[in-house]
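Written below as structure tokens is the structure these notes are about.
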Amino acid sequence: MHNFAISLDGYAAGAPQDLENPMGAGGAGLHEWVFATRYGRQMQGLDGGTTGLDDGFLAEGDKGIGATIMERIMFGPHRGPWNSNEWTGWWGDEPPYHHPVFVRTHHPRPSIDMRGGTVFHFVDDGIEAVLERACNSANGGDVRLGGGAVEFVGSESVAHIRFARAKP
């Protein structure tokens with residue numbers, strides 16, 4: 001588990017999540033440090049940003065990642081059956097992943113190929129099965145657990161978790 005922001009009281013996003021608040025009301029504040037860094041700005045296609053410890057932590061955390069697993073809530077604000085297949089995520093035409101991403105959902109849909117090598121796969125597998133699929137797709141790289149993937153914490157399949165404490 002790499003580069004996972006969480007508040008001291010255990011929240012990684014605010015509620016309610018909607019199109020104007022992808023991380024929920026107040027959730028963006030938890031991630032301000034990411035978007036201030038050079039690496040965080042590059043992920044958004046922007047120039048500038050701070051360098052130093054936070055920037056290095058983010059850049060190092062992305063090295064060697066070959067696949068990502070996330071829950072549907074990180075992919076978008078939709079709940080229940082998909083009304084259409086038009087939604088392709090929060091990140092625009094070229095998401096920052098550049099590898100296979102497995103989106104766990106109770107409502108699978110066809111995979112989406114995006115620019116830059118990101119392919120979103122929508123799966124309703126259990127944690128061990130989706131982890132096996134992600135490992136097989138990672139081409140020898142690590143599998144990152146993204147937003148909502150808390151079921152994996154404590155699993156015997158998780159080799160390490162990386163924490164950093166934000167300044168109060």
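Throughout the sequence shown, residue numbering follows our numbering, covering 1 to 168 in sequence.
Don't be surprised by glycine CBs; every beta carbon is placed ideally from N, CA and C.
What do you reckon, is the C-beta of residue i under 7 Å from a heavy atom of the ligand FMN?
| i | result |
| --- | --- |
| N85 | In terms of ligand content, the structure shown is empty, and the ligand FMN therefore cannot be addressed. |
Answer with buried or exposed for residue i, where buried requires no fewer than 16 other C-beta atoms within 10 angstroms of its C-beta.
| i | result |
| --- | --- |
| Q17 | buried |
| V153 | exposed |
| D9 | exposed |
| L19 | exposed |
| G48 | exposed |
| D93 | exposed |
| M1 | Low confidence applies here, because M1 scores a pLDDT of 47, under 50, leaving its location unreliable; read the following figure in that light. With 16 or more other Cβ atoms within 10 Å, it is buried. |
Just verifying my parser: in three-state terms, what is the DSSP assignment at residue i?
| i | result |
| --- | --- |
| N21 | strand |
| M1 | Its pLDDT being 47, under 50, M1 is placed unreliably in this model, and the coordinates cannot settle the point. |
With 8 Å set as the bound, which would you pick, yes or no: does the beta-carbon of residue i sit closer than that to a beta-carbon of chain E?
| i | result |
| --- | --- |
| H121 | No chain E is present in this structure, which holds just one protein chain. |
Does the distance from the C-beta atom of residue i to that of residue j stay below 8 Å?
| i | j | result |
| --- | --- | --- |
| G80 | H107 | yes |
| T105 | D125 | no |
| G76 | W87 | yes |
| G146 | M70 | yes |
| H99 | T50 | no |
| G27 | G40 | no |
| G64 | N139 | no |
| E128 | S84 | no |
| V119 | R72 | no |
| A89 | P96 | Note that residue 89 is Gly in the sequence shown here, rather than Ala. Going by C-beta atoms, G89 is not nearer than 8 Å to P96. |
Which parts of the stretch 99 to 167 are runs of the alpha helix (DSSP H), unbroken and 4 residues or longer, counting only runs that do not cross its ends? Correct list: 127 to 137.
Would you list, in sequence order, the uninterrupted alpha helix (DSSP H) runs of no fewer than 4 residues that lie entirely inside the stretch 20 to 87? Positions of the alpha helix (DSSP H) runs, each at least 4 residues long and wholly inside the stretch 20 to 87, are given as 27 to 30, 32 to 36, 38 to 43, 53 to 62, 72 to 75 in order along the chain.
Specify whether the stretch 119 to 136 and the stretch 51 to 59 touch according to this definition: at least 3 beta carbon pairs, one from each stretch, less than 8 Å apart. Contact fails: fewer than three Cβ-Cβ distances are below 8 Å.
Inspect the CB distances between the stretch 23 to 38 and the stretch 107 to 119 and report whether three or more fall short of 8 Å. Short answer: they don't touch.
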